[in-house]
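Line by line, the protein sequences are chains L and X. For the first sequence, our numbering gives the first residue as 1, with consecutive numbering after it. For the second sequence, our numbering gives the first residue as 1, with consecutive numbering after it. Built from N, CA and C at the ideal position, the CB exists for glycine as well. Down below is the structure, laid out as C-alpha cells.
There are 2 protein chains.
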Amino acid sequence: MLRKGVQTILASRFRDFETAAGRRRPSAKRCMASLAQAMAPEEPSGPSVHCSIPGPQSQQLYRELNDIQQAGSVQLFADYEKSAGNYLADVDGNLLLDVYMQISSMPLGYNHPAMLKALTDPHNQKMIANRPALGVFPNRDWPEKLKSILLRKGVPPPGFSHITTMMCGSCSNENSFKNIFLWYAEKQRHGAPFSKQEMESCMVNQAPGSPRYSIMSFEGAFHGRTLGSLSTTHSKYIHKIDVPAFDWPIAPFPRYKYPLESNERENRQEDERCLAKADELFVRYSKEKDTPVAGVIVEPIQAEGGDNHASPEFFQKLQKLVKKHGAALLIDEVQTGGGPTGKMWCHEHFDLETPPHVVTFSKKMQLGGYYHIEELKPKQSYRVFNTWMGDPSKLILLEAVVEVILREKLLDRVTQVGDYTLGQLKQLENELSSSINSSRGRGTFIAFNCASSELRDATIKKLLKKGIQAGGCGDKAIRLRPALTFTQQHADIFLDSLRAVLKE
Amino acid sequence: MLRKGVQTILASRFRDFETAAGRRRPSAKRCMASLAQAMAPEEPSGPSVHCSIPGPQSQQLYRELNDIQQAGSVQLFADYEKSAGNYLADVDGNLLLDVYMQISSMPLGYNHPAMLKALTDPHNQKMIANRPALGVFPNRDWPEKLKSILLRKGVPPPGFSHITTMMCGSCSNENSFKNIFLWYAEKQRHGAPFSKQEMESCMVNQAPGSPRYSIMSFEGAFHGRTLGSLSTTHSKYIHKIDVPAFDWPIAPFPRYKYPLESNERENRQEDERCLAKADELFVRYSKEKDTPVAGVIVEPIQAEGGDNHASPEFFQKLQKLVKKHGAALLIDEVQTGGGPTGKMWCHEHFDLETPPHVVTFSKKMQLGGYYHIEELKPKQSYRVFNTWMGDPSKLILLEAVVEVILREKLLDRVTQVGDYTLGQLKQLENELSSSINSSRGRGTFIAFNCASSELRDATIKKLLKKGIQAGGCGDKAIRLRPALTFTQQHADIFLDSLRAVLKE
C-alpha cells in the first residue's frame, strides 16, 4: 500500500518537473532528492494506541519467527515505512513516541530525509553493492571519507587522529583489547623481535606467545557478548551463564547516593573505595596470579548495568592509576558516543589530563570502530585485521548523520532538552518520592529508578499503553535514549504520560 | 567524472520515456530499474595494465591512509565505480581479472545489475536507513524475509530450519560457540534450573557459572580473530602472537599427498591418525584438564591455512566421533558457503548421516549467521543476543544474489568451469612439475602449491603484472576465489597468464 503511495507521489513530482519548466528534463540529482523528500513520512503530533501491544498481527508474526529462531526477546513487530522521526509505528497501527530508539542506536529517528537522500545517490549505491575488503583493496575515496567524516572537526574525541573501523560494539572492544595487548607486549619486549618460542607457542594457545595478560573491568559493566568482551561484561547473569570466561580482574564501580548535592562526602568516599580496590587488583593479578593487567575498560556511564554514573574526579584518578601501572585506558562509548550526552563523547565531560588510549564506538555512529592514540598503532600489518574491517555503507549513513548534527547544532538542543527533562523529572521525584528516585543524566541520556524491579517493569508496560516506548536497565531503572532530534514537546508528552502512570 | 556520466545516461533515459510514449510519465519502478542498468558498467574483454601496481595514485593514497591507521596490508586502491563483473579497476587505470574477489566475499562480481537494482528500490532504502534492533523490534517483513531468502528452497544446508543472523564470520562463530555451550550445559543440568551459585559465580567469571568448557579445533584452522574465535584459529602466528587465548584442544587436520589417486592408502592412514588424536583429546581435556569439549569446529576446506582438503570419510567419521562424546559439530562455511564449491554448502559433498549441529556463514552470503538444528534453540531469550542481530540491508543484497544464483543456475556453471580449470591446472602441473604441484579443489574453490613460499609470492606478483589479481594461502599455495559468474573464458585468461609466468 505505502509503496504504491510513494510511487504516486514520485510520479506527481515528475509531472511537476515537466510542467514547471516547460517539459524540462529532471536531473538525476533533483529526481533523487525529491524522491528522498517524498519517501520521508511526517511525524505525527502525538502517540496513538488502538490495541494492546503486542497486537494481534505482532503476535502472529512472533509465532512465525519463533518457529525458526528463539524470538522471546521480541517486543513488537514494527512498520518502518510508516515510522517517522521520534515515532515508531507498529504493525498493528499503533504509533509510539520512542524514547528508547532501538537500544539507543538511531541518531536521527526514523526515515530521516538526510539518510534517505544519501541512499538515493547512485554513487553511494555502488559503494554499498561493492563492499570491499577494506584492509586490502579500499576504494579510492576511503582515506578522504575517513578524514572528512570520522576525523571531521567536531567528530572525534579531542586529541585523536587515528581510527580503526569495525562493524559492531563487541568486535570494536575485542579488537581494542588485541590492540592493547600488542602494545603492552611490545613494551615488555623492549623492541626485540618475536622469539621462536613465542611464534610457536602462540599457535597452540600457550604462553609465552599467548601471554597471560588481562583486561580489568568493572562490576555492572557491559562491553559486549563475544567471548573476550563478555569476560568484561558483568551486568546480568543471563548474558554470561554457561559460557567460559577469562579469569580477569573486576573492580567495583561507584554506586552513588542521590541526590548528589546532599551526598557529596559519601560519594567521594565511594570513588576512593573503588579506586583503592582497582589499585589492589592491578598488583594482585600481576604478582599473585601472573596475569598482568594490560588495559582497563570502562563505560563513561554504565548503561545496561543501570545508568550508573561516576564523577569526573573518579575518571581523572582512574586514568592516573592506569598510567601508574603502565596499562592502557579504554573508554567504551558504544552507547554514550555520538551525541546523546550533549557532547559527541561523554568522556569530554570529564576533563581528563590526556586523551584515553582508546575510545570505542558503534550504535548511533552506524558503524563500529575505535579511535586510538598514535602510540597504539601496531608496528606490523595483519595483526588487527579481518575480511571487511568495517563497512563503507555505514559510513555513508554516518556522513548524513554528522552533517545534520553539525548543521542543526543538535548537541546544543540535546543539552537544553536534556536539562529541561531532568529538571522536570526531579520535580516529579519530589512530588512522588515513594515511586521514583535518583533521577540522573547528561544531555538526554537520562535515567531514574523505580521503587522496585516490579514497579519498574509495570511502569514500562503502562507507559507503553499510553504510547511511550521506553526501556529498562539495571534492576530498577528506566532509561531514556531518544534520538538527537528529541524536542521539549516530545519530552512533555513523555513527562505527562509518566506522571499519569505514576499517579494511577 | 563517472557520476556525471551516469547522470547523463539517466537524463537521456528520461527523455526516452517522454518521447517513446507521448510525454508519458515514467513510473518510479521503471525509472529505478533503468537507473540500475545505466549504473552497471560493462565487463572488459580482458585485463589491461598500464603501470606498476600499486601505481602512483595508490601509493599516494596509501601514505594518506597510513597517517591515520596501520595500512600495511593494503595492496592497491580500487575504483569500484569502474569495476565490472570479474574485473577490478584500480585507481591508476589498471583493469585486473579478479580471481580473489575481496577475500572470497563477492558472489556476483562488481556492480552486478541485480544488486544495484535492489538498492534503487525505495522500500529497500527505507529498510537500510531504519536499521532496527532485530531481536526486539523487527520489521513486519522480517520473518517472511528470513523464510524466503535464508530458508528458501535450495539455500539452507539440507535438514536445517533454524537460523540466527549475525554480522560477520567471527561473531557468527563466537555466538555459535555460546549456543553450543548453552546446549551442552543444559544437557549436564538435566533440565534443572540455574543454581544460585551458578548465577553468582558467572558474574565474576568463575566456575561453575562460567564453566571450563572448550571448543576443539584443528591445526591450520582459521575461524576468525575475536578472542574466542581466535582461540580456534591456528593458521599464522601473526594473527595470534601477544593475544591471550583459551587453553582449548587442537587436533591435527589431515595433510594429504597429491595426486590423491596415487596416495589413497597413505591419505586414509592420515585420516585415521588425525581422528585418533581427536579422540584422545576429547578424553584428555575431559579427564585430565577438567575442560570438557562441548563442540568441535572445522572448515570443510581449510582455506587460510592453505586450502587443505579432507575426504568425505574423514568428515563422516569425525561426526560419529563428536556424537560419541556428546559434543556438537560446527562446520564453519564462512569461506566455502554460498556456492563456490558448486553446491551452496561445501559439506553437502560429504554425505553426512545427519546434519551437523551448526553451520556458520558470512562473506558471499553478505551477512553473517548460522543455521542450527532445532535442538540447539536456546530455551531462554536474551542468551544469544546483541543490539543489531544482523543487518537487514545485507539480506536485501543476499535476496538479489540468491535470485541470480538460482535463476541463472550459477552453481552448475561453477561446477563446469571449476572442473575445466582444475583439469587444465593438472595438465600444467604435469608440464611444469618442478614449479607447481598438488592442484586441488571443488568447483572454482581451487588451489595449487608452488615449489616454495618465495616462488609463490613471486608468482602472485608476476600474475599481477599480467593483470591477474590472485591470492595466497598457507605457506606455498595460490588460491582461486573467483565470483560465481567466472566463466571458462575468464579461466583461460588466468591459465594462459599462469602458464606464461611459470615458463618465464
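Remark: C-beta atoms of residue 482 (chain X) and residue 247 (chain X) do not approach each other more closely than 9 Å. Membership of residue 171 (chain X) in any beta strand (DSSP E) is not indicated; the residue belongs instead to the alpha helix (DSSP H) covering 169 to 189.
With contacts defined by Cβ atoms closer than 9 Å, residue 416 (chain L) and residue 495 (chain L) do not form a contacting pair. Within the region 196 to 242 of chain L, the complete alpha helix (DSSP H) segments at least 4 residues long are 196 to 202, 227 to 230 and 237 to 240, listed from N- to C-terminus. Here the region 105 to 116 of chain L lies against the region 394 to 403 of chain L, with 3 or more beta-carbon pairs under 8 Å apart. Below 8 Å, enough C-beta pairs join the region 468 to 485 of chain L and the region 437 to 449 of chain L to call them touching: three or more. Annotation: the continuous beta strand (DSSP E) that includes residue 293 (chain L) extends over 293 to 298. For residue 58 (chain L), the enclosing alpha helix (DSSP H) covers residues 56 to 66.
Within the model, the alpha-carbon separation for residue 353 (chain L) versus residue 316 (chain L) is close to 7 Å. With a contact defined as Cβ atoms closer than 8 Å, residue 434 (chain X) and residue 451 (chain X) qualify at about 6 Å. For residue 326 (chain X), no Cβ of chain L is located within less than 9 Å of the residue's own Cβ.
Using a Cβ-Cβ cut-off of 9 Å, residue 366 (chain L) counts as an interface residue toward chain X, since at least one Cβ of chain X sits closer than that to its own.
DSSP places residue 423 (chain X) within a helical segment (H, G or I) once states are collapsed to three. Residue 313 (chain X) and residue 287 (chain X) have their C-alpha atoms spaced approximately 28 Å apart.
For chain L, none of the residues of the region 254 to 285 of chain X brings a beta carbon within less than 9 Å of one of its beta carbons.
Shown in chain order are the members of the region 195 to 208 of chain L whose Cβ falls below 8 Å from a Cβ of chain X: 198, 199, 200, 202, 203, 204, 205 and 206. With three or more CB-CB distances shorter than 8 Å, the region 168 to 179 of chain X counts as touching the region 363 to 373 of chain X. At least one CB atom of chain L sits nearer than 9 Å to the CB of residue 102 (chain X).
Taking 9 Å as the CB threshold, residue 363 (chain X) lines the interface with chain L. Looking at the DSSP output, residue 358 (chain L) bridges to L:330 and L:372. Measuring C-alpha to C-alpha distances from residue 168 (chain L) to each of L:275, L:341, L:332 and L:347 identifies L:332 as the nearest. Closer than 9 Å to the CB of residue 143 (chain L) there is at least one CB belonging to chain X. Of all residues in the region 78 to 92 of chain X, those with a C-beta nearer than 9 Å to a C-beta of chain L are 78, 79, 80, 81, 83, 88, 90 and 91, reading in chain order. With 16 or more other Cβ atoms from the protein chains shown falling within 10 Å of its own Cβ, residue 364 (chain X) counts as buried. With fewer than 16 other Cβ atoms inside 10 Å of its own Cβ, residue 158 (chain X) counts as exposed.
With respect to chain L, the C-beta atom of residue 171 (chain X) has a partner C-beta closer than 9 Å. What residue 370 (chain L) touches in chain X, judged by beta-carbon distance under 7 Å, is nothing: the nearest beta carbon there is about 10 Å away. Proximity of residue 51 (chain X) to chain L, defined by a Cβ-Cβ separation below 9 Å, is not satisfied. Interface residue (Cβ-Cβ distance to chain L less than 9 Å): residue 68 (chain X) is classified as such. By the CB criterion at 9 Å, residue 303 (chain X) and residue 335 (chain X) fall inside the cutoff.
Chain-order list of chain L residues neighbouring residue 76 (chain X): 137, by C-beta distance under 7 Å. Residue X:53 holds the alpha-carbon nearest to the alpha-carbon of residue 464 (chain X) among X:53, X:485, X:211 and X:426. For residue 149 (chain L), no chain X residue has a C-beta closer than 9 Å to its own C-beta; the minimum C-beta separation is roughly 12 Å. Distances from the alpha-carbon of residue 253 (chain X) to those of X:262, X:270 and X:263 put X:270 closest. Taking 9 Å as the CB threshold, residue 131 (chain L) lines the interface with chain X. Secondary structure at residue 316 (chain X): helix, using DSSP grouped into helix, strand and coil.
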